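If you want my numbering, it's the position in the sequence shown, counting the first as 1, plus 192.
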Amino acid sequence: MVEAEALAAPWQVRFQAGGNVAVADTLKAGTGGSAGMRPHELLEASLATCMAISTRMALADLGITDADVRVRVHLEREESATRFRYELLLAPELEAHRTAIEECIARSPVRSTLSKPLTFEPV
């Protein structure tokens, strides 16, 4: 569970999960700032970090434990769809494993969660 609390500074929010605390922020019409990631960037970060972890786990299963792995995610909000575009960046010596890695990140937990229909309900 994540809890978010609006701060006194315009559009800043402190959020925490367990003992981890961070700040989100946004800039709208000249108000706000950049003290933290914007909310949509947090969605991108959630998917990118999960895919990177899944990639490292797939490589660890292949006996590769110290791999240069990066994932870039860009969120595109359209009228009829939300699109996550991603790029898996691997060191050249890991390219031979790309297909196995792509299969693993296709099943990554955050991607699987975002791929299902979403509902929003008050508690």
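Glycine included, each C-beta is placed from N, C-alpha and C at the ideal position.
Predicted model, so just to flag it, every value in this text is computed and none were measured.
Counting only the same chain and skipping the five closest in sequence on each side, list residues whose C-beta sits under 7 Å from that of residue i.
i: SER226; result: ASP217, LEU219
i: PHE207; result: VAL194, GLU195, ALA196, ALA214, ALA216
i: MET229; result: ALA216, ALA237
i: ALA250; result: ALA292, ILE293, CYS296
In its own chain, which residues sit with a C-beta less than 6 Å from the C-beta of residue i, not counting the 5 before and 5 after it?
i: GLU279; result: ARG264
i: ARG262; result: LEU281
Tell me the DSSP bridge mates of residue i?
i: VAL263; result: LEU280
Kindly indicate the opening and closing residues of the alpha helix (DSSP H) around residue i.
i: GLU295; result: 290-298
i: VAL302; result: 301-306
Could you tell me the boundaries of the beta strand (DSSP E) in which residue i lies?
i: GLU236; result: Per DSSP, GLU236 belongs to no beta strand (DSSP E); it is in the alpha helix (DSSP H), 231-253.
i: ALA214; result: 212-216
i: PHE207; result: 205-209
i: GLU195; result: 195-198
Less than 7 Å between the CB of residue i and some heavy atom of the ligand HEM, yes or no?
i: MET193; result: By its list of ligands, the structure shown contains no ligand whatsoever, and the ligand HEM lies outside what it can speak to.
query: Do the stretch 236-249 and the stretch 299-313 make contact, defined as three or more Cβ pairs closer than 8 Å?
result: The stretch 236-249 is in contact with the stretch 299-313.
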